[in-house]
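Chemist: As numbered in mature numbering (1 follows the signal peptide of the UniProt record, and there is no 0), residues -26 to -1, 1 to 553 make up the sequence shown, in order.
All C-beta atoms, glycine included, are put in the ideal place defined by N, C-alpha and C.
None of the values given here were measured: they were computed from a predicted structure.
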Amino acid sequence: MPPCWKSFTRRAFLALLLLNGMKASAQVDDSTPSIFSGSIIAAGNNEIKYTTTLTINGKSLTVLVDPAGQDLWIKRDRIDNLDVTGIPTAIQYQLYDGGEYVGGEVAFAEVTLGNMTVKQQPLLTVYSNPITWINESSSIDGVLGLGYRSPGSPTILSALGRYVSDSKPEASGADTFLDNIFKQDPDVSKNFITIDLARGPDLEEDQGNLILGVRAHNDSVNATYIEGIENESVPVPVFTEGTGDWTVLIEEITVNGNQVPLGSSNKTTWKDAVVALLNTAAPRSVFSEALRDDFYNQWEGGVQLKTASGTPGRWHIPCTQPATATVKIGGQRYPIHPIDLTEITQTEIDGKPYSRCLSGIAASAPGQFQDKKYEIVLGADFLRNVYAMYNYGESYIPPSENSTLALPYMKLFSKTDPVQATAEHARVRTANLSKFPPEYLPKAVGGDTTEDTKVPATNSDTDSGSSQKNTKKPASSGTKNVNLEASPASGADSLSADDSTQDGLAKYGVAGLALLGANLLIGIAVLAVAVLIYVKGKARTKGGAAYDQPTRYVPVTTKGYWTMFRCHLRQCVSGNQAT
């Protein structure tokens, strides 16, 4: 782990965790003190990994942060002074290797993060860990879950049950690490964390910071840190209550102003809506194959590739052609930066290297969401476009028949201005393409090939490079100029009219043009009236102006009752110190 400066502030803590491959820091107020450090790792199944440092019984340990889980577990050989209970249990740990179980024994220890300490924190000391890359890593000591409580979870607390001893009566109130911190203050409004995924300098790569902030308790400083989030954004309740997942209902997805059919198969959701999981560990969003294809079919100039086996594959998009996409959640439309929706890849065609841009959103595998209460995943490619606040409510309090508890919810605040993003896309993509081999265009604008073969492309209708043609007008890419509509002429005579036709044009041309002009003016007037009537009617319907929330672009400040630190090129800095 790289050397980092650390400082501590009173009654607050915040951990800053870095994305895999991070090279640039988020926008942070330089006057803000820092208190904790993170690290960078690259491992496991193409997921984004976050790490932080805990002090357990006086020993510093590096743990992975699991955004979805609730349990804390440590490798058995990492610490030997735990107060074990003799109670065995196993955690189904799906984030990194689905379906695997981590087995161990429940223990108690003093756990500290920053300047916040839990005296008797239950955790699992692990003796059976089938997750190979974690098990073999010498730099990872365990996993810390930051998900909210749900029935039957966390696993450790379920196994612990009513365990109480004379030496540890406080064990009867055992809880997750995060909930134990929240319980230190009765104000439920403070029970939240915030996540801000920043971008690297070229906007392209999965780089930047994850700022994980936990609300300071018993702090007298004014609440000004997340202006626009805490006070203006509309709360979005967790849709699948009691699952432990941060899920939302997506009401609409648009590309270039065209609504994409969501095609939900979940009968419990609203009509024409779909349930999505917000997952900071996923570098790319995951849609159903049909939704993915409908989404990219709206992209001008794009075509769908076939894999070597002939099955539908990813979409080939002109690299410099942007699209304006939005996701509507809680009545608010959140624009997605076009840079986040495609990625530059390299291929070899006829022995020569080329670059091309392929769709970034992944298609779900058959049965991937069969046992889930959500149907798509919104990953880092979406979450980079919002500032997210996750309020845990009172999930740590067991519900009763007569209790009214605050439920978990989210607030999202848009960080992407679509006009600015479109301008950035052209500038950034052009600059980044200069670092790669020449672009090979989609078939719709003069090129194409299969997704993973290295054979020359052809322009015949039988070319295996496209399994679904995009009939929209293709975009100009600046790399090749191809006339898609032209067909070969049979001879010079085919380009000119005969004498009788030219005489008719001379005789009736002026009158005909006058009539056409008059008809055109009438048509424009009728169209304008129709549009006006439609707009007024739409505003009066449910889901119109009274429901849709205007998109706001307010700079998010980093001040007030929070503490944080910044990291750049693996060096963490405190306050105004520089790397």
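#1: By the three-class DSSP mapping on this structure, what secondary structure does ASP159 have?
#2: For residue 554, which of helix, strand or coil comes out of DSSP?
#3: I'd like to know whether the C-beta atoms of ASN359 and HIS311 end up nearer to each other than 8 Å.
#4: Indicate whether THR298 and ASN230 have their beta-carbon atoms separated by less than 8 Å.
#5: Among all the DSSP beta bridges, which residues are the ones paired with ARG307?
#6: Who are the near neighbours of ALA250 in its chain, counting only those whose CB is closer than 7 Å to its CB and skipping five residues on each side?
#7: Since GLY43 and GLY116 are thought to touch, with beta carbons under 8 Å apart, how far apart are those beta carbons, to the nearest angstrom?
#8: If I measure Cβ to Cβ from GLY262 and keep anything under 6 Å in the same chain, skipping five residues before and after, which residues do I get?
#9: Give the DSSP-derived three-state secondary structure of LEU134 in the structure shown.
#10: Could you tell me which of ALA64, GLY88, MET90 and ASP267 sits nearest to GLY78, measuring between CA atoms?
#11: Whole angstroms are fine: how far does the CA of ASP159 sit from the CA of GLU201?
#12: Measuring only the C-alpha atoms, how far is ASP57 from ILE30?
#13: Between ARG288 and the rest of its own chain, which residues show a CB-CB distance below 7 Å, the 5 nearest in sequence each way excluded?
#14: Are there 16 or more other CB atoms within 10 angstroms of the CB of TYR101, so buried, or fewer, so exposed?
#15: Do you know offhand how far LEU97's Cα is from ALA81's?
#16: Measure the C-alpha to C-alpha separation of THR404 and SER238 and round it to an integer number of angstroms.
#17: State the Cα-Cα distance for the pair ARG307 and THR300, rounded to the nearest angstrom.
#18: Would you mind giving the Cβ-Cβ distance between GLU413 and TYR328, rounded to the nearest angstrom? I have them listed as a contact below 8 Å.
#19: Can you tell me whether DSSP reads LYS49 as helix, strand or coil?
#20: To the nearest angstrom, report how far apart PHE151 and ARG258 are at their CA atoms.
#21: To the nearest angstrom, report how far apart SER124 and SER408 are at their CA atoms.
#22: Exposed or buried, what is ASP345 when buried is set at 16 or more other beta-carbons lying within 10 Å of its beta-carbon?
#23: Locate the alpha helix (DSSP H) running through PHE269, then write down its first and last residues.
#24: Is DSSP giving PRO524 helix, strand or coil here?
#25: Just the Cα atoms here: how many angstroms apart are THR25 and GLU317?
#26: For the alpha helix (DSSP H) containing GLN394, list its first residue and its last residue.
#27: One question on the structure: do SER388 and PRO309 come within less than 8 Å of each other, judged by their Cβ atoms?
#28: Let's test the definition: count the other Cβ atoms within 10 Å of the Cβ of GLY341 and tell me whether it reaches 16, buried, or not, exposed.
#29: For LEU236, which of THR217, ARG401 and ASP268 has the nearest alpha-carbon?
#30: Report all residues from its chain with a CB closer than 6 Å to the CB of GLN272; omit the five preceding and five following residues, and keep chain order.
#31: Out of PHE166, GLY275 and VAL92, point me to the one whose CA is closest to LYS385's CA.
#32: Applying the criterion that 16 or more other CB atoms from any shown protein chain within 10 Å of the CB defines a buried residue, is THR168 buried or exposed?
#33: Could you have a look at LYS389 and say whether DSSP puts it in helix, strand or coil?
Modeler: According to the structure data:
#1: coil
#2: Outside the shown range of the chain (-26 to 553) lies residue 554, about which nothing can therefore be said.
#3: yes
#4: yes
#5: LYS302
#6: THR221, VAL222, ILE224, TYR348, ILE350, VAL351 and LEU352
#7: 12 Å between Cβ atoms; not a contact.
#8: In the sequence on display, residue 262 carries Ser and not Gly. Correct list, in chain order: SER338.
#9: helix
#10: ALA64
#11: Only weak support is given to the placement of GLU201: the predicted model assigns it a pLDDT of 45, under 50, and the value that follows is read from those uncertain coordinates. Looking at the two C-alpha atoms, the distance is approximately 22 Å.
#12: 12 Å
#13: LEU279, LEU332, SER333 and GLU425
#14: exposed
#15: 5 Å
#16: 37 Å
#17: 6 Å
#18: 7 Å
#19: strand
#20: 29 Å
#21: 50 Å
#22: exposed
#23: 263 to 271
#24: Because PRO524 carries a pLDDT of 43, less than 50, the predicted location of this residue cannot be relied on, and the following value inherits that uncertainty. Three-state result, PRO524: coil.
#25: 26 Å
#26: 392 to 407
#27: yes
#28: exposed
#29: ASP268
#30: VAL229, ASN230 and ASN232
#31: PHE166
#32: buried
#33: coil
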